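Take 1175 as the starting number for the sequence shown in our numbering and just add one per residue.
No residue lacks a Cβ here, since even glycine has one placed at the ideal position from N, Cα and C.
Only a predicted model underlies this, so the values are computations on that prediction, with no experimental measurement involved.
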Amino acid sequence: MILTDDLSEQERVLLELTATPAATLLGAASMILRTTLFSEDPATWVDMWQARPDLARIEWSDGPELAEVVAHLAAKDYEGTIEGVPGLRITSYDDNSAKLLWLGAATPVVLHLTRQLS
1175 MILTDDLSEQ ERVLLELTAT PAATLLGAAS MILRTTLFSE DPATWVDMWQ
1225 ARPDLARIEW SDGPELAEVV AHLAAKDYEG TIEGVPGLRI TSYDDNSAKL
1275 LWLGAATPVV LHLTRQLS
């Protein structure tokens, strides 16, 4: 196996496109949701992607209610212990979709959540 300590130009370009604040947020959200979306009442499908460096989406079908997912993701301080994604704030939500804002990057990232019913 040959290892080099330099990235190719193609690798650098791809990293610039994919290693964004939105991708960081999706990683943090997926760590929290891995037990929520795949627990006793699992979602039938889940998809996560970044539309831009400052915009991310998570969609799922069936599974947990949107309010439950929002409650797991939004940052909360319980007697000095942060739960949820640090810096993630709820801006709006209804029964099927939510919009949250992540303040953990130099430019805030918008996270859209959508629960589809089959």
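- In the three-state scheme derived from DSSP, where H, G and I count as helix and E and B as strand, ALA1225 is classed as strand.
- LEU1274 carries a strand assignment under DSSP once its states are collapsed to helix, strand and coil.
- Going by DSSP, LEU1191 is part of no beta strand (DSSP E) but of the alpha helix (DSSP H) stretching over 1183-1192.
- By the neighbour-count definition (other C-beta atoms within 10 Å, threshold 16), ARG1226 is an exposed residue.
- Counting C-beta pairs closer than 8 angstroms gives three or more between the region 1204-1212 and the region 1232-1239, which meets the contact rule.
- Going by DSSP, VAL1259 is part of no beta strand (DSSP E) at all; its letter is neither H nor E.
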